[in-house]
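Q:
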């Protein structure tokens, strides 16, 4: 009886081994299920590699990826023939200007690793448009690429305003500005309903734009970016149109903090940067 039981146990073990052996054999794939095929690079992809990835270590993405956009919004990828003109604007006015004044490696060291392009308008519930987003200093998303017109200075200025503004945020993340000093200039003017205010009314309170009234951080980025996208004559006209002497002086105080910040934090002449951006904007508009 004991011998019979031993045979039964051995037979059971052998059966189990055969089952696992059979399963293991059946589960082994005949070949890799992963697709290692490299996508074919288009002329546009090669241009991005040459003009963005190699010199600045920045990748420009234009192909649709639902993980890089807010899927609750009605957004769509840019029209292909609008991508390079948009990137040429960014390259000439933003990248080249900072490289010339800040040094060839400045943007390579402090920059988003990705620029994502979206074709359509990113509308908000309050009726405003989001023109750009900076995410953790690693990615800048630019909207309204399909509406780019390189010969229209107003459109170019609005488009480059977005990335100038968002890049100032990235600079602030690396080296903070003096928020305490800034906050003392127009402390009572910030409001959550900034979008209901007109630009002229906001300037009479010491803010360069209505969006600058959102908070101190946005005020700094708006002040810096508006100066960078304006010609000297345009900025002088903005100040001259302000009726309140105090408001005009408050904006000039903020300007002084911006200038000092760029010098102290990055040893950069902000006015030289402004002049370079103005020169490069003219080059873009004229198609040179």
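Residue numbers (this note's numbering): 45 to 332.
Note that the Cβ used here is the ideal one computed from N, Cα and C, for glycine as well.
#1: Is the segment 249 to 256 touching the segment 224 to 241, taking contact as three or more C-beta pairs under 8 Å?
#2: For residue 279, collect the residues of the same chain with a Cβ closer than 8 Å to its Cβ; drop the 5 residues on either side in sequence, then sort them by chain order.
#3: Note down, one range per segment and in chain order, each alpha helix (DSSP H) of at least 4 residues found wholly within the segment 241 to 270.
#4: Does DSSP put residue 320 in a helix, in a strand, or in coil?
#5: Measure from the alpha carbon of residue 182 to the alpha carbon of each residue in 145, 217, 266, then state which is nearest.
#6: From residue 178 to residue 307, what distance separates their C-alpha atoms?
#7: Just the Cα atoms here: how many angstroms apart are residue 151 and residue 133?
#8: By a C-beta neighbour count over all protein chains shown, 10 Å radius and 16 as the cutoff for buried, is residue 276 buried or exposed?
#9: If you draw a straight line from the C-alpha of residue 123 to the C-alpha of residue 186, how long is it?
#10: Using a Cβ distance threshold of 8 Å, determine whether the segment 187 to 198 contacts the segment 142 to 156, with at least three qualifying pairs required.
#11: Check this for me: beta carbons of residue 95 and residue 158, under 8 Å apart or not?
#12: Could you tell me which residues DSSP pairs with residue 218 in its beta bridges?
#13: Of all the options 291, 304, 126, 212, which has the alpha carbon lying nearest to the alpha carbon of residue 261?
A: Once the coordinates are examined:
#1: By the criterion of at least three beta-carbon pairs nearer than 8 Å, the segment 249 to 256 is in contact with the segment 224 to 241.
#2: In chain order, 270, 271 place their CB closer than 8 Å to the CB of residue 279, counting only its own chain and leaving out the 5 sequence neighbours on each side.
#3: Within the segment 241 to 270, the runs of alpha helix (DSSP H) that reach at least 4 residues and sit entirely inside it are, in chain order, 243 to 247.
#4: In the structure shown, residue 320 sits in a helix (DSSP, three-state: H, G or I).
#5: Sorting 145, 217, 266 by C-alpha distance to the C-alpha of residue 182 places 217 at the top.
#6: Computed Cα separation, rounded: 23 Å.
#7: Distance between the alpha carbons of residue 151 and residue 133: 16 Å.
#8: Residue 276 is exposed by the Cβ-count criterion.
#9: Each residue's alpha carbon lies about 14 Å from the other.
#10: Judged by Cβ distances under 8 Å, the segment 187 to 198 makes no contact with the segment 142 to 156, as fewer than three pairs qualify.
#11: In this structure, residue 158 does not lie closer than 8 Å to residue 95 by Cβ.
#12: BP columns for residue 218 are empty, so no partner.
#13: When only C-alpha atoms are compared, the closest one is 212.
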